Structure formats: structure tokens, C-alpha cells
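Notes for the one structure printed next.
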Amino acid sequence: HFDNVGSGYLALLQVATFKGWMDIMYAAIDSRRVEDQPIYEDNLYMYIYFVIFIIFGSFFTLNLFIGVIIDNFNQQKKKNCYQIFCFSSLYFGGQDIFMTEEQKKYYNAMKKLGSKKPQKPIPRPQNKIQGLVFDFVTQQVFDISIMILICLNMVTMMVETDDQSKDTEDVLYWVNFVFIVVFTGEFLLKLFALRHYYFTNGWNVFDVVVVILSIVGKYLAL
1 HFDNVGSGYL ALLQVATFKG WMDIMYAAID SRRVEDQPIY EDNLYMYIYF VIFIIFGSFF
61 TLNLFIGVII DNFNQQKKKN CYQIFCFSSL YFGGQDIFMT EEQKKYYNAM KKLGSKKPQK
121 PIPRPQNKIQ GLVFDFVTQQ VFDISIMILI CLNMVTMMVE TDDQSKDTED VLYWVNFVFI
181 VVFTGEFLLK LFALRHYYFT NGWNVFDVVV VILSIVGKYL AL
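Going by full-length UniProt numbering, the sequence shown opens with residue 1, and the numbers climb by one from there.
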């Protein structure tokens, strides 16, 4: 079921929908190396994988989907209540009867902004070298370039197949190695420029975890 990206996605979609997912799980648990015949429960660690995937890939995603629907419903409810309030003000008096529609939108936007705490910008380092690196890593072009590299890295991982040649495997290995070096360099540059403020952003912490896991995975693959 996981010989390529397409069949892997279909298998995981089947698991997420709970339609015949136990057959896929049992096949994965009985699986061995390539070209080896399956043995009953030879790969028990796959139980952990499927349990984690069902929790995050099915239950968590379903709750997230339901949460988005409820949030949109509440926003629509607030909008309707506001329209009723404006209608009442029009006939029974009120201060916003003298406000245009654009003024009402501006007033509501300012009220929402006033209720939020402003985020403090990260101070620029006093050190000259750190300042130059800070200016470099905080540019939008830098973030866009990293996002493009992440997408390219995903493409290289998706082209891996079970029956690929030795030359293709070697090329993909070194391409992934270059990506790991680049992402590690990004982490070190940002850590050098942002200092301890680097860890105040949740996405930066996520990047650190991904980089560490990538390095560990590359080391274990040797």
C-alpha cells in the first residue's frame, strides 16, 4: 500500500475514513523487508503508527473541521445580531444612526484592534554582524525562498519509489542532504540574529524539531 506517494495517500485516506482500515493495518504489521514474505505480527511497531495517525489524522482533523463550522456559525450569528441592533437603532434611536456604513466598519475594526494586545517587535542587535544577519533573515524574500525550498524538498521526497534504481537513490540521498544542510543553516542564522527571541515564535520551535528529526533520521539511514 505504500510503494509510492499516490498509493500511500489513498491508503491513509482509507484509514482516516475507517473504511477497511484494519486490513491495511494488519498488512503493515505483517510486512517485512522488500521481496520478503509477510509474517504474522512481525512489525508490531506499526500499531503505534496507526494509533497516532487515527488520533491526529482522523479525530483531531474532524474536531478541527467541526470547530471551523461552529466558529463560522458564531460569526454569522454575531453579524445577524449586529444587523438587528442597527435596525433597532434606526427606529428607536441610537448614536450609530448618524454613522455611515463605512464609518461603522471602521469603528468595529478599531474596536477589535483595541481589544488585542500589540506584539512587541524583536529588537535589532547592537552588534554589527548580528545586525546584518538580522536584516537578512527578517526580509520577506528570505522567508519566501525558504518556503520554496521546503516545497522542493517535499517534491524530492514524493518522487521516491520502492523499485527505484541505485543511482536514483544516491541522487535523492544527496539532494535531501543538501536540503538538511540549508535548513540547518537557516536555523543557525536565525538563532544567531534573533537570540533568545527565536524561541518566542511557535513556528521557529517547530522548525527546530523538524531539523533535529531530519538530522537524526539521516544519521540512522547510514
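We put the beta carbon where it would ideally sit given N, CA and C, even for glycine. A quick note: this is a predicted structure, and the numbers were derived from the prediction, not measured.
Go ahead and pull the three-state DSSP assignment for residue i.
i	result
Arg-195	helix
Ile-122	coil
Gly-217	helix
Gln-76	helix
residue 228	No answer is possible for residue 228: the residues shown for the chain start at 1 and end at 222.
Ser-145	helix
Gln-139	coil
Phe-56	helix
Ala-11	helix
Glu-160	coil
Gln-130	helix
Phe-206	helix
Phe-179	helix
Asn-201	coil
Lys-190	helix
If you compare alpha carbons, which of the options is closest to residue i?
i	options	result
Leu-44	Ile-55, Phe-53, Gly-57, Asp-30	Asp-30
Thr-61	Pro-38, Asn-74, Tyr-40, Leu-13	Leu-13
Leu-149	Val-181, Val-133, Leu-64	Val-181
Ala-27	Phe-50, Tyr-9, Thr-17	Phe-50
Tyr-197	Lys-166, Val-141, Pro-121	Pro-121
Leu-191	Lys-166, Glu-41, Gln-130	Gln-130
residue 223	Tyr-173, Val-205, Trp-203, Phe-199	The structure shown does not extend to residue 223, since the chain is modelled only from 1 through 222, so no value can be given for it.
Asp-154	Gln-126, Val-175, Tyr-40, Phe-18	For the sequence presented, residue 154 should be read as Met rather than Asp. Checking every option, the nearest Cα to that of Met-154 belongs to Val-175.
Please classify residue i as buried or exposed, where buried requires at least 16 neighbouring CB atoms within 10 angstroms.
i	result
Gly-94	Residue confidence for Gly-94 is low, a pLDDT of 49 falling below 50, so the modelled location carries little weight; the figure read from the coordinates is stated next. When all chains shown are included, Gly-94 counts as exposed.
Val-15	buried
Leu-194	buried
Ile-69	exposed
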